[in-house]
Every structure is written in structure tokens, then in C-alpha cells.
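Numbering (the UniProt record's numbering), first residue to last: 1 to 637.
Encoded structure:
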């Protein structure tokens with residue numbers, strides 16, 4: 001290269017302070033510099049492609065575009081070269097001499113129609129280049145614009161301070177070469193393995209091949225040094241984004257291999273969805289449902305989200321903005337050019353496009369699960385075992401899709417009396433008895449306790465199906481899901497039992513007569529338990545048990561109360577209602593007990609037993625044992 005007069009110029013912004021900010025504060029990860037420079041090189045190739053559509057002489061006889069990475073351990077340099085569009089002297093001053101001036105952004109503004117739609121340009125801010133100064137204390141840029149004579153090459157040099165130098169040089173090849181003179185503490189990047197790993201991580205799927213000198217064995221190096229052969233280069237990225245290919249051209253094993261790449265999971269995915277959206281928004285998604293739940297699934301503060309690409313270039317690992325929290329188990333990628341990134345390309349700005357994409361991707365996942373549930377119920381049951389509890393967070397977070405999410409739920413029920421959660425709400429509604437207008441459920445801390453709840457007795461007698469809920473999240477779920485298919489949910493352990501049309505007139509009349517006949521018993525029991533219950537009343541929900549506890553219609557359920565207490569959370573003050581079975585011999589015997597002290601003891605035993613029957617714990621178990629022992633001794637005499 002021959003040189004012309006060198007000129008020293010100052011940046012066109014408050015450069016020293018801004019450069020210092022970008023070098024020391026803008027980027028959280030030093031290796032990002034390579035992503036930015038490779039992205040810029042990819043942009044340069046795209047610009048050349050578009051301009052060459054009108055003037056193919058710009059290819060200068062070489063239309064094979066690529067990016068080349070070289071390093072020199074002894075000189076402590078890394079060189080990134082491309083044979084893209086290159087820059088003229090004025091463009092160098094405009095783009096490199098003005099921080100936050102984006103040549104790509106200006107280029108996009110001058111494009112119209114399908115050119116803009118199809119372009120693969122990602123640079124928007126013109127600051128990515130300056131990330132080079134994170135690892136380099138000096139940067140040299142050699143560039144020549146395609147179509148310009150070799151004598152119009154430009155050399156730009158800067159040490160990251162307030163000034164840079166620029167001079168005209170001889171440059172035979174079009175394109176740009178950037179030489180980074182690494183800082184003493186950043187020489188780790190003058191290493192082939194390190195550079196390859198960064199390229200594979202961030203730029204593996206850009207459409208342009210990224211090449212590096214082929215690694216050689218020591219014996220090979222000695223032999224070839226004597227022969228002084230030209231270095232042999234190899235492509236180190238896949239140079240094709242899997243998600244940009246037609247689904248019909250991608251083999252199942254390729255999808256599985258890509259899943260392992262993006263998820264770091266050794267297992268195959270359960271299913272996936274590859275989709276391209278075009279219209280007001282253009283984006284591509286490739287979403288996977290894992291076969292097994294990760295160990296940190298229930299850590300809502302853990303890392304989650306999709307891998308975000310902007311036109312094939314990796315931007316961030318955990319872009320959580322694109323899916324709601326209850327779908328945090330989904331893995332995959334989303335690629336779009338219609339997003340507003342912050343200046344470092346590491347954080348998404350608030351943008352209506354993100355909300356629209358989030359809505360579309362959420363619907364895509366729910367559709368994928370719905371399809372699985374219909375076509376492969378066995379596989380869906382496996383999914384539910386792994387991720388069902390997380391999906392149950394959905395109705396509280398995603399009101400717009402509440403009904404769609406509810407169709408995906410699976411529960412145990414008295415229809416099968418098995419702990420397997422394989423009954424859908426749609427199946428329940430189909431089996432509802434004539435005259436039934438509610439979906440009944442019982443919640444407890446485990447399946448056996450829920451299945452054996454005394455609250456189910458009248459439902460079993462009448463053949464009315466009840467959902468059996470025993471996941472920790474279930475009662476919270478029902479607090480956010482009030483109806484399905486026009487049918488309200490009803491906790492059988494809450495409020496007064498009203499079976500509506502499922503009770504005959506004779507049964508209703510018998511209930512009223514029982515309440516009148518035992519009004520005295522209710523008053524005595526209320527007095528005996530005045531510190532423990534809100535009310536004592538006759539019930540017809542029991543057939544075998546003498547008593548049960550029922551919370552108020554608007555009170556917190558017993559399961560939720562216990563969970564909050566175990567977590568050290570404050571719970572609202574409330575007392576349950578004690579309901580007595582008028583047909584049970586113990587209740588009849590209690591009504592005939594003349595001794596008030598003995599009546600009180602027996603009533604408290606019934607209260608404690610009712611508490612234990614629903615899986616609760618006693619406030620004073622020693623007193624319960626003492627009362628029970630006393631009763632046993634009396635009966636044995």
C-alpha cells in the first residue's frame with residue numbers, strides 16, 4: 001500500500017467522554033466486540049449485494065462474499081476482513097468519525113419496497129464498531145469502496161481518545177479490514193480456539209461464511225514452514241440459519257440437533273413449531289417443548305426466555321419479553337428485524353412490536369400444546385406431569401388466553417379416583433349431570449386427603465363428578481379462574497351447599513325439617529365452640545361422617561391458608577363453620593347429652609376430628625388426646 005498525506009481530525013461529537021462511556025460502561029461482555037464487527041461486515045456484504053443488483057461491476061469479478069478472521073499472538077492483533085461494499089474517505093469520516101452515526105440506518109432510509117423488506121441489515125446505531133476499544137488500545141481500518149480505483153483506499157487509525165488520523169492508501173481489494181491491537185490484559189483473544197468459540201456462539205447462523213486459517217498439527221507446521229505454502233482457510237460457522245430454511249427441507253434430526261444447541265439439553269425435545277410470520281410484522285420463530293423439566297423450573301427469578309436474533313445475528317440469550325412467565329419452560333429462537341434495541345444491542349426497548357410478537361408467540365405455544373393434546377394424549381400427559389403446575393400460573397398472568405389455557409389443564413377426578421391428572425375440563429363438562437350448572441372441586445395438600453374428604457360424600461351418593469385438586473398451586477389457580485364454558489367453579493368445602501336442580505323437593509323439605517328439629521343442638525354447640533367457629537349448622541353434604549368444617553364463601557381455603565402459614569406469610573383472620581350430619585348416630589347421641597360439660601368435651605372432639613379429616617393440624621393436639629382418652633376410659637368402664 002502506498003500512502004498519501006495523513007490528516008488528524010477530531011470526532012464530531014463530545015467524543016472523549018462518549019468513547020469512555022461506551023468502552024467502559026455500554027457492554028457487559030467483552031467478547032461482544034467480535035459479534036459487532038462481524039455484524040458490520042455482514043451488513044457490508046448485504047449492501048454490496050443490493051447495490052450490485054443495479055451494477056454488477058461492483059463485484060469486481062469476485063461475487064463470493066465472506067468474512068475472514070486472522071490473529072497474531074506475537075503481535076497481539078486480531079484482524080477482521082470482509083469483501084463487502086467498503087467505504088470512501090467521506091464515508092469513513094461520516095461513519096467512523098461520528099460516534100452514533102449509522103451508515104446502515106441511512107442506507108435503510110434510502111431503500112424502498114421489497115428491498116427494505118428483504119434486506120439482512122442489522123446495524124442501527126453506528127456504535128458497534130467502537131466496541132473494538134473494549135479489547136484494543138489501537139484500531140486500524142483499511143477500506144476501499146467497491147467500484148473505486150485501488151488508489152482510493154483509506155486508512156483510519158485511532159487509539160480511542162479524542163482524535164483519529166485518516167489518510168489515502170493503495171488498496172487492491174474492495175471491502176474493509178479492521179486490525180485490533182489488543183490491550184495487554186486482552187491477549188486471550190489472539191487465540192484461534194477463543195475466536196472460534198465466540199463466532200460459534202454469536203454468529204454461527206449468519207448467511208455469510210466466516211473463515212479462519214485451518215489449525216495444523218505441529219509436525220505439519222514445521223514441514224509447511226519450510227515450503228512457505230499459503231495458509232489454508234476453513235469456514236467455522238454453519239453460514240446458514242436453520243430457522244430461515246423451508247420446513248420441508250429440514251430433517252427431523254436437524255431440528256433435534258438444533259434444540260440441543262440452543263437448550264444445552266442432551267435429550268430430544270418433546271415437540272417443536274417452526275413458523276414464519278409476514279405482514280405488518282416480519283419474524284421467524286422456532287419453539288421447542290422440552291421432554292423434561294429443568295431443575296430450576298420453579299425459580300421464577302431464574303434465567304428464562306428465547307434466544308433473540310436480529311437477521312441471523314445473536315443478540316441475547318434470555319429474551320424474556322417474548323413469552324409470559326407461565327411458559328418459561330419453552331426453548332428456542334426468535335429472529336426479527338422489526339425490533340428496537342438499545343444502543344448496545346443487549347436490551348430491548350419498549351416497543352409495540354414486542355407486545356405484538358409476544359401475543360403471537362404465546363398463541364403459537366398454546367396452539368402447539370392443544371395440537372399435542374388432541375393428536376397424542378399420551379405424550380401430552382407426559383408434558384403435563386413435567387410442566388402442568390407451571391402452566392397453572394397462566395390464568396392469573398394471561399387474561400386474554402384464560403379460556404385457551406384452561407382447555408389445556410388436566411385434573412384427577414372422582415370419575416376415575418386415580419392420582420393421574422388426565423381429565424380435561426371439556427371432558428368434565430361433557431359428563432355433567434342434567435340440571436348441574438357448576439363445576440365442583442375439592443382441594444387438599446395430597447391426593448389421598450382430597451379423595452377421602454368428607455365433603456365428597458353427598459356427591460358420591462348422587463353420582464356427581466368432583467375434580468380432585470392437590471397441587472400446591474391449585475387453590476391459588478381457582479382464585480383466578482372463576483368459570484369455564486359458562487359454568488362457574490364451586491369449592492365443595494366453601495359456603496353453603498346448594499346443588500340446585502340436583503336436589504329433589506323432598507330432599508330440600510327434609511333439610512328444612514332437620515334444621516328446625518336440631519336448632520337447640522346448634523345453639524349448644526355454638527356456645528361450646530364459640531372461640532373456634534363462626535357458625536354451627538346442619539349439613540346434608542355428609543352421608544358417612546358426623547361433621548365437617550366449611551370455610552366462608554369468600555374466605556381463604558384451608559390448603560392455601562396452610563401454605564401461606566408454612567411460608568411465614570400473614571393470613572387474614574377467619575373462623576370455619578362446623579356442619580353436623582343430622583342422620584349420624586354420634587350427632588343424635590350428642591343432641592341427647594344432658595351434661596353440659598360432657599357435651600362440650602364431645603363437641604370439641606367432633607370439631608378436632610373434622611379438622612383432621614380435611615388434612616389440617618390441631619392447635620392443641622395434647623388436649624384432643626386427653627379428651628379422647630377420657631372418652632375411651634368412660635366407655636370401657
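Glycine residues also receive a C-beta, built at the ideal position from the N, C-alpha and C atoms.
Bear in mind the structure is a predicted one, so any value in this text is a computation, not a measurement.
Using a Cβ-based criterion (distance less than 8 Å to any ligand heavy atom), does residue 157 qualify as near the ligand PLP?
Here there are no bound small molecules, and the ligand PLP is not part of this structure.
Below 8 Å CB to CB, which residues in the same chain sit around residue 438 once its five sequence neighbours on both sides are set aside?
Here residue 438 refers to the residue found at position 438 when the chain shown is read from its first residue. Contacts found: 487, 488, 489, 490 and 500.
For residue 156, write down the residues that DSSP places opposite it in a beta bridge.
The sequence position of residue 156 within the chain shown is 156, counting from 1. 141 and 166.
Hey, could you find the ends of the beta strand (DSSP E) residue 134 is sitting in?
Within the chain shown, numbered from 1, the residue matching residue 134 stands at position 134. From DSSP, residue 134 is part of no beta strand (DSSP E); its letter is neither H nor E.
Cβ separation of residue 579 and residue 537, assumed to be a contact under 8 Å, to the nearest whole Å
Taking the chain shown and counting its residues from 1, the one referred to as residue 579 is at position 579. Taking the chain shown and counting its residues from 1, the one referred to as residue 537 is at position 537. The pair is a contact, with the Cβ atoms about 6 Å apart (cut-off 8 Å).
Between the CA atoms of residue 493 and residue 476 - distance to the nearest angstrom
For the purposes of this step, residue 476 is identified with residue 476 of the chain shown, where counting begins at 1. For the purposes of this step, residue 493 is identified with residue 493 of the chain shown, where counting begins at 1. Cα to Cα, residue 476 sits roughly 15 Å from residue 493.
Report the rounded CA-to-CA distance for residue 48 versus residue 56, giving the unit in angstroms.
Position 48 of the chain shown, counted from the start, is the residue given in the question as residue 48. Position 56 of the chain shown, counted from the start, is the residue given in the question as residue 56. Whole-angstrom Cα-Cα distance: 9 Å.
Helix, strand or coil, according to DSSP, for residue 410 in the structure here?
Against the chain shown, residue 410 aligns to sequence position 410. In this structure, residue 410 counts as coil in the three-state DSSP scheme.
Which of the three DSSP states is assigned to residue 124 in this structure?
Along the chain shown, one-based indexing puts residue 124 at 124. Summary for residue 124: the model assigns pLDDT 45, below 50, so the residue's position carries little reliability; its value from the coordinates is reported in the next sentence. Residue 124: coil per DSSP, three-state reduction.
First through last residue of the beta strand (DSSP E) which encompasses residue 272:
What you label residue 272 is simply residue 272 of the chain shown in a count that begins at 1. Taken as a continuous stretch (DSSP letters only), the beta strand (DSSP E) holding residue 272 covers 271-277.
Buried/exposed call for residue 632, threshold 16 Cβ in 10 Å:
The residue given as residue 632 occupies position 632 in the chain shown. So residue 632 ends up on the exposed side.
Mind pulling the beta strand (DSSP E) runs of 3 or more residues that sit fully within the stretch 420-454?
438-443
Can you tell which of 398, 609, 251 and 615 has its C-alpha closest to the C-alpha of residue 623?
Working through the chain shown from its first residue, we reach residue 623 at position 623. Nearest C-alpha to residue 623: 609.
Specify the secondary structure class of residue 418 as computed by DSSP and reduced to three states.
What you label residue 418 is simply residue 418 of the chain shown in a count that begins at 1. The three-state secondary structure of residue 418, taken from DSSP, is coil.
Using 9 Å as the threshold, is the C-beta distance between residue 88 and residue 70 below it?
Locating residue 88 in the chain shown gives position 88, counting from the first residue. Locating residue 70 in the chain shown gives position 70, counting from the first residue. No, the pair does not count as a contact, with Cβ atoms beyond the cut-off.
Please classify residue 269 as buried or exposed, where buried requires at least 16 other C-beta atoms within 10 Å of its C-beta.
Here residue 269 is taken as the residue at index 269 of the chain shown, counted from 1. Burial call: buried.
Rounded to whole angstroms, what's the CA-CA distance from residue 529 to residue 447? Just pull it up for me.
Locating residue 529 in the chain shown gives position 529, where the first residue counts as 1. Locating residue 447 in the chain shown gives position 447, where the first residue counts as 1. If I take the Cα positions, the gap works out to 30 Å.
In whole angstroms, give me the CA-to-CA distance for residue 431 and residue 263.
Locating residue 431 in the chain shown gives position 431, counting from the first residue. Locating residue 263 in the chain shown gives position 263, counting from the first residue. Their backbone Cα atoms lie some 41 Å apart in a straight line.
Which of the three DSSP states, helix, strand or coil, is assigned to residue 100?
Indexing the chain shown from 1 puts residue 100 at position 100. Note that residue 100 scores a pLDDT of 49, beneath 50, so its modelled location is shaky; the value from the coordinates is reported in the next line. Residue state, collapsed to three classes: coil.
Report the partner residues of residue 68 according to the DSSP bridge assignment.
The sequence position of residue 68 within the chain shown is 68, counting from 1. Per DSSP, 81 and 211.
Cβ shell of residue 449 (< 6 Å), same chain only, five flanking positions each side left out
Numbered from 1 along the chain shown, position 449 holds the residue referred to as residue 449. Answer for residue 449: 615, listed in chain order.
What distance in whole Å lies between the Cβ atoms of residue 187 and residue 76, which are believed to be in contact at a cut-off of 8 Å?
By 1-based counting over the chain shown, the position of residue 76 is 76. By 1-based counting over the chain shown, the position of residue 187 is 187. Right, the Cβ-Cβ distance comes to about 5 Å (below 8 Å), so this counts as a contact.
For residue 152 and residue 230, what's the separation of their Cα atoms in angstroms?
In the chain shown, residue 152 corresponds to position 152, counting from 1. In the chain shown, residue 230 corresponds to position 230, counting from 1. Approximately 27 Å, taken between the alpha carbons.
Tell me residue 234's beta-bridge partners as DSSP assigns them.
Position 234 of the chain shown, counted from the first residue, corresponds to residue 234. Beta-bridge partners assigned by DSSP to residue 234: 212.
For residue 626 and residue 599, what's the separation of their Cα atoms in angstroms?
Counting from 1 along the chain shown, the entry for residue 626 is found at position 626. Counting from 1 along the chain shown, the entry for residue 599 is found at position 599. Answer to the nearest angstrom: the Cα atoms are 15 Å apart.
Sheet register partners of residue 579 (DSSP bridge):
Along the chain shown, one-based indexing puts residue 579 at 579. DSSP lists 537 and 548 as the bridge partner or partners of residue 579.
Check whether the stretch 188-204 touches the stretch 235-245, counting contact only when three or more Cβ pairs, one atom from each stretch, lie closer than 8 Å.
yes
Using only alpha-carbon positions, find the residue among 399, 211 and 290 that is nearest to residue 657.
There is no way to answer for residue 657, as the model of the chain reaches only from 1 to 637.
Closest to residue 96 by C-alpha separation, out of 232, 333, 534 and 132, would be which residue?
Here residue 96 refers to the residue found at position 96 when the chain shown is read from its first residue. The candidate whose alpha carbon is nearest that of residue 96 is 132.
Which residues DSSP lists as bridging residue 480, in chain order
Taking the chain shown and counting its residues from 1, one reaches residue 480 at position 480. DSSP, once it has assigned bridges, lists no residue as partnering residue 480.
What are the boundary residues of the alpha helix (DSSP H) that includes residue 520?
Position 520 of the chain shown, counting from 1, holds the residue named residue 520. Counting along the chain, the alpha helix (DSSP H) containing residue 520 begins and ends at 519-528.
Any contact of the stretch 304-313 with the stretch 365-377, i.e. 3+ C-beta pairs under 8 Å?
no
Buried or exposed: which applies to residue 559, given that a residue is buried once 16 or more other Cβ atoms fall within 10 Å of its Cβ?
In the chain shown, the residue the question calls residue 559 occupies position 559. By the 10 Å Cβ count, residue 559 comes out buried.
Based on Cα-Cα distance, which residue from 463, 414, 173 and 292 lies nearest to residue 435?
As a position in the chain shown, residue 435 is number 435, starting the count at 1. Minimum Cα distance to residue 435 is reached at 463.
Unbroken beta strand (DSSP E) run spanning residue 242, endpoints
Looking up residue 242 in the chain shown gives position 242. For residue 242, there is no enclosing beta strand (DSSP E), as DSSP marks it with neither H nor E.
What's the gap between the Cα of residue 470 and the Cα of residue 506?
By 1-based counting over the chain shown, the position of residue 470 is 470. By 1-based counting over the chain shown, the position of residue 506 is 506. Their Cα atoms are separated by approximately 35 Å.
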